[in-house]
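Read through the structure below, which is laid out as structure tokens, and then see the notes.
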Amino acid sequence: MRRIASMKVINDLLTEAERVANRLGESVVAPEHVLVAAAGHPDGAAAAVLAASGIDAGMVEAAVVGVHDDALAAVGLDAGVASPTAPSPGVFRGTDAVGEFLRSVQEQAKAYDADLLSSAHILVAATLVQRGTIARTLDRLGLDRDDLRRAAVAELGARTR
Amino acid sequence: MIDGMDLRGVPAPEDPEAALAAVVALRRLADRLEREAVDEALAQGWSWSMVAEALGVTKQAAHKKHARRQGPRRDARGDR
């Protein structure tokens, strides 16, 4: 794998994920923010896979918000609309789960012998998450994880030909 | 702002997935509420010691968590 080019993809994704988190009023990046960033990544791979199901990055972001709103509603809370958070200057702030998620992404890229890490690898890794916000987000979007994984792998194959 | 708080109850322990999703969402909400309240307290002229005392943490812990967001001017004022 082209390490430097792949590192740039990860850096771009994390930069965008931080913007997503701040937009949603959060100061720490979580894996679901990386998923939203992947859905809108300029390489277009994840976007193409999602578009086949009529989904775009905005819908993924709205689904993340909906997952948290539903969970709060279950305990009788209405958090209202979050005010965007100003970006914190200095070092990147992410949950431990982000590191674990990115390791899974890189494992998937290796497993599929990818030359360059793609936003579609993020989708593949997301389909392997069985519980938590990412899994609930995909469920909320009506996406079957196995179908989504097959579509993402097919997209990756089409792009290497 | 956070409004409309009316805690009805918690998900049944028989449904850990729903209960844990609520924990995640509550944690995020608490984080948001803390940030907004600290920013407002500082804007009203509270010192870091007052903020820390209200949060039940040390001044160093409160400063470490929230000072970066305040920018250099607020940080330069130190503990007023």
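Residue numbers (this note's numbering), protein chains in the order written: chain V, 607 to 767; chain D, 3 to 82.
Think of the CB as a built atom: it goes at the ideal place given N, C-alpha and C, for glycine as much as any other residue.
Chain D residues whose Cβ lies nearer than 8 angstroms to that of residue i
i: Gly631 of chain V; result: Arg34
i: Ala688 of chain V; result: Arg34
DSSP beta-bridge partners of residue i
i: Val635 of chain V; result: V:Gly700
For residue j and residue i, believed in contact at Cβ under 8 angstroms, the rounded distance
i: Val655 of chain V; j: Ala758 of chain V; result: 5 angstroms
i: Val53 of chain D; j: Val40 of chain D; result: 6 angstroms
i: Glu19 of chain D; j: Arg746 of chain V; result: Going by Cβ atoms, the distance from Glu19 of chain D to Arg746 of chain V rounds to 14 angstroms, so no, they are not a contact pair.
i: Ser612 of chain V; j: Thr691 of chain V; result: About 29 angstroms; that fails the 8 angstroms criterion.
i: Val666 of chain V; j: Val642 of chain V; result: 5 angstroms
i: Phe707 of chain V; j: Val615 of chain V; result: That pair is no contact at about 14 angstroms.
Within 8 angstroms, strictly: CB atoms of residue i and residue j
i: Arg755 of chain V; j: Leu744 of chain V; result: no
i: Ala645 of chain V; j: Ala651 of chain V; result: no
i: Ala688 of chain V; j: Arg34 of chain D; result: yes
i: Arg699 of chain V; j: Val635 of chain V; result: yes
i: Glu638 of chain V; j: Thr701 of chain V; result: no
i: Ala24 of chain D; j: Val681 of chain V; result: yes
i: Leu44 of chain D; j: Gln62 of chain D; result: no
i: Ala717 of chain V; j: Leu762 of chain V; result: no
i: Asp675 of chain V; j: Ala663 of chain V; result: no
i: Trp50 of chain D; j: His65 of chain D; result: yes
i: Ala677 of chain V; j: Ala27 of chain D; result: yes
i: Leu630 of chain V; j: His647 of chain V; result: no
Neighbouring residues, chain V, relative to residue i (Cβ below 8 angstroms)
i: Ala20 of chain D; result: Ala677 and Ala680
i: Glu37 of chain D; result: In the sequence under discussion, the amino acid at residue 37 of chain D is Arg, which differs from the Glu named in the question. Here the neighbours are Ser633 and Thr691.
i: Ala14 of chain D; result: Those do not exist, as Ala14 of chain D stays about 10 angstroms from chain V at its closest Cβ, beyond 8 angstroms.
Within chain D, the residues that residue i reaches when beta carbons sit closer than 7 angstroms
i: Thr739 of chain V; result: Val26
i: His674 of chain V; result: Ala27 and Arg30
Contacts of residue i in chain V (Cβ-Cβ under 7 angstroms)
i: Ala63 of chain D; result: Result: empty, since nearest Cβ-Cβ is about 16 angstroms, beyond 7 angstroms.
Chain-ordered chain D contacts of residue i [CB-CB under 9 angstroms]
i: Ala623 of chain V; result: Result: empty, since nearest Cβ-Cβ is about 15 angstroms, beyond 9 angstroms.
i: Arg742 of chain V; result: Glu19 and Ala23
Three Cβ pairs or more, each shorter than 8 angstroms: is that satisfied between the segment 757-767 of chain V and the segment 716-726 of chain V?
Yes, since at least three Cβ pairs between the segment 757-767 of chain V and the segment 716-726 of chain V fall closer than 8 angstroms, the two stretches touch.
Can at least three beta-carbon pairs, one atom from the segment 622-636 of chain V and one from the segment 657-677 of chain V, be found at a separation below 8 angstroms?
yes
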